[in-house]
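Top line first, the protein sequences correspond to chains E and F.
The opening residue of the first sequence carries number 9 in our numbering; numbering runs sequentially from there.
The opening residue of the second sequence carries number 4 in our numbering; numbering runs sequentially from there.
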Amino acid sequence: MAENIVGWHTEPPRAAQWEPLPERLPSPLITALSRLGIDRLYGHQRVAWEQARAGQDVVIVTATASGKTLCYNLPVLATLLEAANATALYLFPTKALTQDQHTLLEKMTGDIGTPNTRIAPAVYDGDTPANKRVGIRNRARLVLTNPDMLHTAILPHHTQWQNFLSNLRFVVIDEIHVYRGVFGSHLANVLRRLRRVANFYGASLQHIMTSATIANPRQHAERLAEKSVVVIDQDGSPGGERHFLLYNPPIVQAELGIRRSAISESLRLIDDLIIHDVQSLVFARARRTVELMLKDLLSRWQERRERIRGYRSGYLPVERRRIEAGLRQAKICTVITTNALELGIDIGGVDAILLVGYPGSIAATRQQAGRAGRRENASLAVFVASGGPLDQYLVRHPEFLLEKSPEQALINPDNLLILLKHLQCAAFELPFSKGEGFGSTSAPVVEEILSLLEGTGEIHQGNGRFFWSADVYPAAQVSLRSISAQPVLLQAQVEDSFVTIGSVDRESACWMVHPGAIYLHEGSSFVVETLDLENRRAELTLTDVDYFTEARQRVDAECLQILSRQEERMGTRVFGEIRVTTQVTGYRRLRWLTQENMGEFPLELPATNMRTIAYWISLSSAGLEQLRQTGSWCGESVSYGKNWTRQKELTRRRDEYTCQVCGRKEVKQAHHVHHKLPFRTFDDYEQANQLENLVTLCPSCHQRAEMTVRMRSGLAGLGYLLHHLAPLLVMCDPNDLGVWSEPQSALGGATPTVVLYDNYPGGVGLSESLYHAHERLLNQAKELAQNCTCMDGCPACTGPAGELGSGGRQETLAILNLLCSEFAA
Amino acid sequence: MESVSDKLKSLGVALGSGHLPKTPPPRESRHPIETIVDGQEDVTPLGNTFYVRNIYPADYRQGRQPIQAVAPSEILMRYCGLDAAISAGLENCVFMDTETSGLSGGSGTFAFMIGLGHFTAEGFRLVQLFLRDPGQEAAFLASLGRFVADFEFVVTFNGKAFDVPLLRARHILNTFESPFQKMAHIDLLPMARKLWRQALPSRALLALEQDVLGFSRTLDDIPGCEVPQIYFDYLRSGDATALNGVFYHNAMDIISLAALFNHINQLMCAPYVPEVYTALELAAVGRIYEDLGMADVALALYQASLAKKPPATYLQEYLLRGANLLKRYARWEEALAHWLEASRSGNIAAMIELAKYHEHHRRDYSEAIKWTQTALDSLCCNGFSSAIRNQVMSDLQHRLERLHRKRTQPR
């Protein structure tokens with residue numbers, strides 16, 4: 009086991025930086041705090057108090073369990089106590105977190121204030137009973153809700169909130185790192201609408217935000233608030249000694265680079281924790297994994313069943329509260345959970361954390377690992393790597409997990425599709441005046457879009473203003489989770505009826521929910537039965553399979569506009585707008601644990617067009633020439649099997665000793681014989697060496713042909729690598745990015761090109777950031793390809809070997825060496 | 004430079020729904036509202052607004068129902084939660100209905116026509132305010148404020164949930180206060196629901212108009228759901244021709260509202276003249292009185308209704324309602340007769356009442372056991388949903404056990 013621990017990092021204990029309670033803290037709050045056992049503050053809480061009281065917009069970026077909620081609760085509650093009318097709005101990403109914070113706030117505000125100044129924190133979300141809503145709208149001074157509720161229920165009915173909005177002073181946005189990509193771009197616009205409506209009632213808002221550690225908290229917070237923001241990141245909370253272990257399961261199949269699964273290794277580690285009665289949280293990526301692990305543990309630990317529990321969305325709230333309490337009271341020793349326990353829920357601290365595979369972002373890894381540590385006791389977090397490229401990269405580069413995070417939360421509030429939808433919602437809420445902008449969107453752009461809507465009849469212009477003039481409630485038609493003008497609804501059969509479990513963009517439907525695709529929703533697997541593009545509907549059924557699917561697609565990219573480019577001797581990098589035409593031609597099934605291919609299935613689906621933002625790298629002719637001269641690109645290093653000499657002879661005779669490309673006849677020296685489909689893509693030599701797959705070529709034509717094959721495989725390997733590494737820098741799901749490569753691409757003027765693009769119409773800011781992180785990304789890719797122990801490509805580096813167009817670790821490395829050689833100079 | 008429109012198109016947005024002309028037709032082909040309906044200008048400090056005024060003479064009938072100047076009855080006032088002591092003189096009542104840009108609500112929905120009716124010496128006067136352009140809403144609302152300034156009561160049909168909140172939102176958006184905030188509100192819908200829940204398939208105004216008032220609209224009328232689109236088409240084209248139908252629609256809504264108001268006021272007199280009403284009407288009015296806590300009047304109405312032999316479907320309900328009130332007055336013999344009659348047609352609630360009566364009042368446990376058992380036996384052939392059946396069954400079994408205990412250990 010010890011040899012599998014590839015890293016052991018110890019963080020020394022950290023003493024708390026204490027500050028006294030602020031002098032101007034209202035006395036009811038001092039009483040409330042002392043009831044909670046608090047008589048002084050951590051450094052960052054005090055700084056947050058000072059800044060917020062000075063009217064600054066702030067973002068607090070400190071570790072999990074560092075008391076971030078007090079950073080906003082104190083200044084907000086103080087203001088609400090001082091000004092009897094003042095109100096505040098809190099936004100949380102999940103209902104569970106909203107409930108948790110509400111309980112906490114009720115404890116703090118319980119008996120504060122006279123009947124006139126009572127704060128009465130209230131949750132206003134989809135679960136709030138109808139008969140309580142009017143009272144909350146009219147009386148509550150502190151409302152806790154979520155972005156969707158603000159978007160569909162509060163803003164479109166803002167006149168019912170006249171009182172609340174007229175006196176609105178604060179908007180608190182918790183966990184802003186969650187709002188990235190499409191969701192974040194939408195939220196930025198919902199906030200623009202909130203500020204616009206509040207402004208109508210004469211209120212101007214102060215933003216207090218919190219975030220997990222990300223690389224760009226200021227930029228992200230400022231994009232949401234559209235104001236300059238003070239970053240508070242000096243963590244003054246204490247911490248015990250922390251041990252962070254990196255565990256890489258042993259290799260079981262060296263050539264293919266296959267390791268033992270993270271799940272089975274984790275189960276062994278959990279056994280040790282149970283034996284030593286160490287209270288632990290185990291974070292798995294999917295609900296399915298939670299159930300799988302729980303079943304295994306319960307069957308082997310009969311006598312301790314009561315102390316081992318699962319926790320995930322789908323459990324009843326009472327059940328969840330019981331588990332949370334059990335953890336706090338140490339009645340429960342081991343909890344297997346999804347990320348449902350990652351955000352904020354109060355469970356105190358535990359002794360050990362086990363991460364079964366990379367949770368998908370560094371922020372999430374840190375938040376989950378941050379659950380370890382009770383007061384000043386020592387704690388342990390173990391990251392058990394899976395076989396994926398990111399996991400494998402991270403076990404070699406734990407600094408990403410431990411030091412300054414490279415991850416950026418990116419949004420694009422001005423994505424035209426998203427902007428269009430929120431302008432419709434905003435026009436519904438309040439007529440636009442001529443010359444009125446929308447957040448940082450300038451008045452001329454707003455007017456241009458509104459004029460377009462006038463053309464469709466949705467807007468009427470009269471008296472210098474733009475009025476909503478359609479019998480439509482626009483917010484109801486805008487999902488904050490998708491971007492497309494034409495979403496495809498996902499409907500799952502539950503008993504006799506269909507329930508909509510989500511939607512995907514029309515542009516993504518073919519590859520995400522093609523017939524036979526496995527679609528994951530809240531950790532459950534659904535299989536797609538039918539996809540009806542015309543009626544924008546897919547039918548799914550719940551399933552329990554041990555594989556996921558990956559669509560095979562043919563991509564073609566056309567450049568619409570170059571936004572920025574940098575030309576080097578060996579290659580050019582570009583960031584621009586492209587049109588991607590995608591044709592899904594089939595899919596394959598991959599086993600969950602090992603990513604092993606379980607079979608290919610053809611599909612017939614229409615091609616899809618999408619306009620988006622992309623970042624691409626094209627090799628120059630100088631670069632190509634250099635590759636051509638490099639030894640690793642040519643020469644027959646492989647044995648082609650027993651019949652090779654004979655088949656070679658037969659091919660040359662068939663082709664009359666003439667090069668089938670340039671027509672040159674053999675003179676003295678024999679021509680070469682070339683495999684049309686590369687030799688290594690076949691399972692046995694007899695198949696590969698069939699005459700139909702062989703062709704006679706002269707040495708120079710052969711070199712060119714060979715070059716194309718190798719280039720194709722090198723580019724594909726590079727694409728695979730970049731695609732899987734990019735989420736480390738731009739915090740996204742790999743599916744948020746599309747990738748395509750081609751030896752002769754129109755994008756690069758018929759030169760070898762790899763393109764990464766935002767997989768959303770109009771883009772959400774990912775490619776642009778990758779373009780700027782070019783050197784870093786390529787260096788990381790090179791290192792990963794260099795240090796992999798596999799033979800010629802595996803899931804952990806340039807992709808599984810033995811398939812058309814992938815593998816090719818050597819070729820990928822050659823390209824990377826070439827491109828990276830320029831950075832050093 | 005690529006236009007926003009081209010860019011949106013290439014992003015997959017379908018702009019322009021085809022049937023709409025790209026540009027409005029030239030001025031001369033337009034038919035402004037002034038040329039379509041005969042109306043006047045109201046001049047307000049915030050601008051002019053257009054309105055139409057009509058008088059419906061005192062002998063006007065909407066179907067069978069005359070619209071007479073009858074003040075709201077005390078019962079109607081009480082049912083609307085208003086202090087019956089305040090006299091609601093008819094001269095203080097304004098009848099209101101709006102036509103709006105949509106039915107989904109929210110701050111983007113606005114009223115473009117407000118019909119206001121009230122009784123005058125010459126007859127029923129109807130004023131219809133019309134919003135020529137959403138940009139003139141401030142003047143439109145100012146004009147509304149002037150027209151309703153002298154009234155203390157507003158009478159509507161579903162105005163509590165729809166028209167009044169919608170107008171309040173419009174006033175907030177124009178930064179002034181809605182005149183209806185200070186007015187008392189008589190909304191006929193809740194009462195209509197109570198009165199015609201059993202007798203009629205629908206309680207929509209249009210249905211009541213036909214079934215209660217005996218009135219049918221002419222072909223000029225247009226369905227309410229088409230109203231928003233007609234207004235939007237007018238805004239785009241400037242052609243007000245189709246709005247004629249909306250004016251008619253709104254006028255009929257107000258006249259029917261006034262007629263219904265009359266009709267309901269008359270119905271509330273049922274206790275004094277039961278002979279002129281049907282069994283269903285008497286029972287429905289009885290429920291109104293019962294809701295208001297006037298049990299004696301309600302009981303009299305139920306008895307009068309039963310005497311008129313109501314349809315079998317409702318008989319059991321009236322028997323039980325009557326028995327329930329009789330029980331309150333400890334008129335056990337009469338109540339018993341009701342329960343027995345209802346139980347003969349297999350009514351389980353009546354059987355349970357009989358069991359209760361025998362257990363608690365008579366302490367005749369054997370008889371109580373008999374009725375509990377009868378109820379249990381009838382349960383299987385009853386039309387209850389399984390959840391309710393299970394609940395009732397478990398309650399009955401509880402009762403049965405208790406009764407057996409009581410019978411064997413008498414106190």
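All C-beta atoms in this analysis are idealised placements derived from N, C-alpha and C, irrespective of residue type, glycine included.
Separation of residue j from residue i, as counted between CA atoms
| i | j | result |
| --- | --- | --- |
| Thr820/E | Val763/E | 15 angstroms |
| Ile426/E | Glu585/E | 17 angstroms |
| Leu785/E | Cys805/E | 14 angstroms |
| Pro24/F | Gln494/E | Because Pro24/F carries a pLDDT of 48, less than 50, the predicted location of this residue cannot be relied on, and no value is offered for it. |
| Gly671/E | His682/E | 15 angstroms |
| Ile316/E | Val179/E | 39 angstroms |
| Arg408/F | Gly318/E | 47 angstroms |
| Val553/E | Leu302/E | 17 angstroms |
| Gly643/E | Arg718/E | Bear in mind that the predicted position of Gly643/E carries a pLDDT of just 45, short of 50, making it unreliable; the figure below should be weighed with that in mind. C-alpha separation (whole angstroms): 12 angstroms. |
| Glu44/F | Ala172/F | 25 angstroms |
| Thr70/E | Asp241/E | 6 angstroms |
| Val358/E | Pro325/E | 21 angstroms |
Extent of the continuous beta strand (DSSP E) run through residue i
| i | result |
| --- | --- |
| Ser572/E | Tyr555 to Glu575 |
| Glu27/E | Trp26 to Pro28 |
| Gln43/F | Gln43 to Thr47 |
| Phe115/F | Ala114 to Thr123 |
| Pro137/F | Element bounds for Pro137/F: n/a, residue is neither H nor E. |
| Val57/F | Inspection of the sequence shows that residue 57/F is occupied by Asn rather than by Val. Looking at the DSSP string, the run of the beta strand (DSSP E) that includes Asn57/F is Gly50 to Pro60. |
| Thr218/E | Gln214 to Ser219 |
Residue i - DSSP class collapsed to helix/strand/coil
| i | result |
| --- | --- |
| Cys96/F | strand |
| Pro314/F | coil |
| Met715/E | helix |
| Phe467/F | The question about residue 467/F has no answer here: the residues shown for chain F are numbered 4 through 414. |
Residue i, enclosing alpha helix (DSSP H) - first and last residue
| i | result |
| --- | --- |
| Pro168/F | Asp166 to Leu176 |
| Ser397/F | Ser389 to Thr411 |
| Met116/E | Lys103 to Thr117 |
| Val326/E | Pro325 to Arg336 |
Reference residue i; option with closest CA among the options
| i | options | result |
| --- | --- | --- |
| Pro30/E | Thr18/E, Pro21/E and Ala60/E | Ala60/E |
| Val111/F | Tyr623/E, Thr659/E and Val480/E | The sequence given here places Gly at residue 111/F; Val does not occur at that position. Cα-wise, what sits closest to Gly111/F is Val480/E. |
| Gly443/E | Glu411/E, Ile457/E and Phe436/E | Ile457/E |
| Leu285/F | Met297/F, Tyr305/F and Glu293/F | Tyr305/F |
| Tyr132/E | Gly118/E, Thr551/E, Pro123/E and Gln109/E | Gln109/E |
| Ile283/E | Trp309/E, Thr580/E and Val290/E | Trp309/E |
| Phe154/F | Ser8/F, Asp294/F, Leu270/F and Gly92/F | Gly92/F |
| Ala2/F | Tyr368/F, Arg366/F, Leu208/F and Arg324/F | The structure shown does not extend to residue 2/F, since chain F spans only 4 to 414, so no value can be given for it. |
| Arg149/E | Glu455/E, Leu89/E and Phe100/E | Leu89/E |
Distance cut-off 8 angstroms: residue i Cβ against heavy atoms of the ligand ZN
| i | result |
| --- | --- |
| Tyr209/E | Although the ligand ZN was asked about, the structure shown includes no ligands whatsoever. |
CB contact below 9 angstroms: residue i versus chain B
| i | result |
| --- | --- |
| His194/E | The structure shown contains no chain B; its protein chains are E and F. |
Interfacial residues, the segment 501-527 of chain E to chain F, with Cβ spacing under 8 angstroms: Arg514 and Glu515
Going along the chain, which residues of the segment 131-145 of chain F sit with their C-beta nearer than 8 angstroms to a C-beta in chain E? Asp136, Pro137, Gly138 and Gln139
Given a limit of 7 angstroms on CB to CB distance, which residues of the segment 682-713 of chain E reach chain F? Under the 7 angstroms Cβ criterion, the segment 682-713 of chain E contributes no residue.
Taking Cβ-Cβ distances below 7 angstroms as the criterion, which residues of the segment 235-260 of chain F are in contact with chain E? Phe235, Leu238 and Arg239
For the segment 758-769 of chain E, list every residue whose C-beta sits within 9 angstroms of some C-beta in chain F, in sequence order. Pro769
Near-chain F residues of the segment 565-587 of chain E (beta-carbon distance less than 9 angstroms), N- to C-terminal order: Leu568, Gln569 and Arg587
Positions along the segment 420-452 of chain E whose CB lies within less than 8 angstroms of some CB in chain F: Leu424, Leu425, Leu428, Ala435, Phe436, Glu437, Leu438 and Pro439
Selection of the segment 107-119 of chain F by Cβ proximity to chain E, strictly under 7 angstroms: Result list: Ser107, Gly109, Ser110 and Gly111.
The segment 155-170 of chain E: which residues have C-beta closer than 7 angstroms to a C-beta of chain F, in chain order? Pro164, His165, His166, Thr167 and Gln170
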